[in-house]
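Student: Each residue of the sequence shown is one higher than the one before, counting from 50 in the numbering used here. For each residue, glycine too, the CB sits at the ideal point set by N, CA and C. Predicted, not measured: the structure shown is a model, and the values here were computed from it. Let me give you the structure first, and then I'll get to my questions.
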Amino acid sequence: MSNFYKILFHCFIWSALICCVLLIGPRPPEARQMSWTSLQVIWTVVPFIGFFYVHSYWLMPAYLFRKKRLTYGVAVALGALAAAFISALSYYLHDHPPGHDYYHTVLRRIVAILFFILASASMGAFRENARLEKARKAKETEHLRTELSFLRGQINPHFMLNVLNSMVLMARKRSEMLEPALLELAGLMRYSVYETGHEKIRLEDELEYLRTYIDLQMLRFRDDVTVRFDTPDCVGGQLIEPMLLIPLVENAFKHGIGLVDAPAIRIDISLAANEMLSVSVKNKYNPLLQEEEKLPGIGLINLQKRLDLIYPGTHRLETTRSYRSDNAATESWFAITLQIPLQ
Numbered sequence: 050m051s052n053f054y055k056i057l058f059h060c061f062i063w064s065a066l067i068c069c070v071l072l073i074g075p076r077p078p079e080a081r082q083m084s085w086t087s088l089q090v091i092w093t094v095v096p097f098i099g100f101f102y103v104h105s106y107w108l109m110p111a112y113l114f115r116k117k118r119l120t121y122g123v124a125v126a127l128g129a130l131a132a133a134f135i136s137a138l139s140y141y142l143h144d145h146p147p148g149h150d151y152y153h154t155v156l157r158r159i160v161a162i163l164f165f166i167l168a169s170a171s172m173g174a175f176r177e178n179a180r181l182e183k184a185r186k187a188k189e190t191e192h193l194r195t196e197l198s199f200l201r202g203q204i205n206p207h208f209m210l211n212v213l214n215s216m217v218l219m220a221r222k223r224s225e226m227l228e229p230a231l232l233e234l235a236g237l238m239r240y241s242v243y244e245t246g247h248e249k250i251r252l253e254d255e256l257e258y259l260r261t262y263i264d265l266q267m268l269r270f271r272d273d274v275t276v277r278f279d280t281p282d283c284v285g286g287q288l289i290e291p292m293l294l295i296p297l298v299e300n301a302f303k304h305g306i307g308l309v310d311a312p313a314i315r316i317d318i319s320l321a322a323n324e325m326l327s328v329s330v331k332n333k334y335n336p337l338l339q340e341e342e343k344l345p346g347i348g349l350i351n352l353q354k355r356l357d358l359i360y361p362g363t364h365r366l367e368t369t370r371s372y373r374s375d376n377a378a379t380e381s382w383f384a385i386t387l388q389i390p391l392q
């Protein structure tokens, strides 16, 4: 259907040009006595139209864009001469002004056809640039899909190791919590394997994944860490990129637990009326540890890459460090704030 409309558009353009020649084009005085018909004008212009498309759709892609410049030059010259001779012959076979011989008519056609060469060359160059841009975007899209698939599939192996060690302890104690923990781990792995293959998933499913992750982490830390997880009461049918929020929570558990007095993690997720999702993850940290002074971990670096690919120019990711001191103790907090538009 797209090609059909393109053909109609081209037919309309050429018809309009021919009508302009017939209606407002100047005529020599001697031509007024001739049987100058619309059919004669059409047959005079048709060779030029044919050369226009042959040059743009065949000669340029087949020879010029493939670096066969000599062949291209010869083909253009022969094609231009052929169009000029055929157009002149169509004109000359009808009544023509006195004193105009056939070769003089051909010469005038050769001068005129230079305009058609430039016009068709412009269209051919435009089509080639459009084709290259389309191929570049297709290649870039495939590259982005591959990169996103890689970034999505990254799972912290330390987390899995810690969860399995916790389950081993449950098995030794024959704890009743082992079966629910195994089911939660199975659900977590199922989500990581199947849901990450989709471009978008429900926000509700992503939040449930975070809850499961937090529950499994609490198997290890139990009452040693305080976690507050606040989410919207109703999220509707909003969609989000899968496993986009988990790096924020992983980072909090990674840097907010070891050698921290009364470790605490606060996760606040809210949804504004303009479909803007806001995520705030805060955790205590020990400012004396050298690890905290280094650059962000691989999880946050990958998250930044994903955000740049998925939400270019429409997201906000900020990190802040704050210190709070009172008579009892001094606390150091690390906070990550993320805002992204939802669909």
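(1) How about Ile250 and Ile289: are their beta carbons less than 8 Å apart?
(2) To the nearest angstrom, report how far apart Val328 and Ala301 are at their CA atoms.
(3) Where do the ends of the beta strand (DSSP E) carrying Arg277 lie?
(4) In whole angstroms, what separates the C-alpha of Gly382 from that of Arg365?
(5) Apply the 10 Å Cβ neighbour rule to Ser171 and answer buried if 16 or more other Cβ atoms are within range, or exposed otherwise.
(6) With Ile262 and Ile295 assumed to form a contact (beta carbons below 8 Å), what rounded beta-carbon distance in angstroms separates them?
(7) Which residue marks the beginning of the beta strand (DSSP E) containing Leu320, and which one marks its end?
(8) State yes or no: is the C-beta of Ala132 within less than 8 Å of the C-beta of Phe97?
(9) Taking the C-alpha atoms as reference points, what is the distance between Ser319 and Leu218?
(10) Can you tell which of Arg221, Tyr258, His247, Ala220 has its C-alpha closest to the C-alpha of Ala235?
(11) With burial defined as no fewer than 16 other Cβ atoms inside 10 Å of the residue's Cβ, what is the status of Val242: buried or exposed?
(12) So what does Thr386 bridge to, in DSSP terms?
(13) Since I believe Phe100 is in contact with Gly128 (beta carbons under 8 Å), could you give me their beta-carbon distance rounded to a whole number of angstroms?
(14) Which of the three DSSP states, helix, strand or coil, is assigned to Leu57?
Tutor: Reading from the atomic positions:
(1) yes
(2) If I take the Cα positions, the gap works out to 13 Å.
(3) 275–279
(4) Residue identity differs from the one stated: residue 382 is Trp in this sequence, not Gly. The straight-line gap from Cα to Cα measures roughly 20 Å.
(5) exposed
(6) Checking the sequence shown, residue 262 turns out to be Tyr, not Ile. Going by Cβ atoms, the distance from Tyr262 to Ile295 rounds to 6 Å, so yes, they are a contact pair.
(7) 313–320
(8) yes
(9) 37 Å
(10) Closest in C-alpha terms to Ala235, from the list Arg221, Tyr258, His247, Ala220, comes Tyr258.
(11) For Val242, the number of other beta carbons within 10 angstroms of its own is below 16, and it is reported as exposed.
(12) In the DSSP output, where bridge partners are listed per residue, Thr386 has Ser329, Glu367.
(13) 5 Å
(14) Looking at Leu57 - three-state DSSP - the assignment turns out to be helix.
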